[in-house]
Amino acid sequence: MRLFVYGVLIRKLAHGRAAELVAALDDGLPATTRGALYGVEGKDGGWYPILLPDPDGDEIHGVVHEAGAVEWQAMDEFEDAHDGPDAEYRRETIPVMLPNALVVDAQAYCYARKVPADAVRIEGGSFAAWLEETGRRPILSR
């Protein structure tokens with residue numbers, strides 16, 4: 147099993163609980179998937195991304211990890227991913243492309259709600275690059 151991360155779970159962007167959750171993971175490989183990526187401003191003034199998978203969508207950049215060290219229950223709690231109607235994310239299996247063009251399945255946290263009206267579309271599909279280009283910062287906690 148693999149985990150695809152595209153936002154605050156990317157090691158260089160992770161703070162607090164997010165950093166704890168990804169600390170035991172391997173270095174991972176750059177990978178892409180297809181969909182729509184938006185930035186949402188958090189309560190602390192930082193930003194976090196939401197992913198809507200779509201095979202006909204934009205190329206979304208992230209990192210894929212072997213998931214042997216993932217604590218799924220803790221990760222689901224962090225992402226507010228559960229079966230209830232108020233879940234913010236849901237963990238889905240999506241196709242991701244590795245640098246060698248091999249397509250593999252990976253678990254990813256995909257947004258489960260309606261896109262907020264104040265969400266900002268991230269052109270270019272890279273949350274990390276978007277933060278740098280716009281001078282924004284990632285959320286520090288959830």
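With our numbering applied, the sequence shown corresponds to residues 147 to 288, in that order.
Ideal placement from N, C-alpha and C gives every residue a C-beta, glycine not left out.
{"Asked": "Alpha-carbon to alpha-carbon, A220 and L175", "Found": "23 Å"}
{"Asked": "Element boundaries [alpha helix (DSSP H), containing R288]", "Found": "Premise fails: R288 is in no alpha helix (DSSP H) and is neither H nor E."}
{"Asked": "Cβ neighbours of I240 in the same chain (closer than 6 Å, five flanking residues each side left out)", "Found": "T179, P199, A254"}
{"Asked": "Residue from L286, G281, W276, P262 with nearest C-alpha to V186", "Found": "P262"}
{"Asked": "Separation of A215 from E166, as counted between CA atoms", "Found": "12 Å"}
{"Asked": "C-beta contact flag for W193 and P284 at 8 Å", "Found": "yes"}
{"Asked": "Residue burial classification, V154 (beta-carbon count within 10 angstroms, cutoff 16)", "Found": "buried"}
{"Asked": "Per-residue DSSP class, three states only, for A182", "Found": "strand"}
{"Asked": "Alpha carbon of L286 to alpha carbon of L159, nearest angstrom", "Found": "9 Å"}
{"Asked": "Coil, strand or helix - M147 by DSSP", "Found": "coil"}
{"Asked": "Length at least 3, wholly inside the segment 152-232: the beta strand (DSSP E) runs in chain order", "Found": "175-187, 193-199, 204-212"}
{"Asked": "C-beta contact flag for Y184 and R267 at 8 Å", "Found": "yes"}
{"Asked": "CB of G203 within 8 Å of CB of A182, strictly", "Found": "yes"}
{"Asked": "Residue from G162, F150, D222 with nearest C-alpha to D173", "Found": "F150"}
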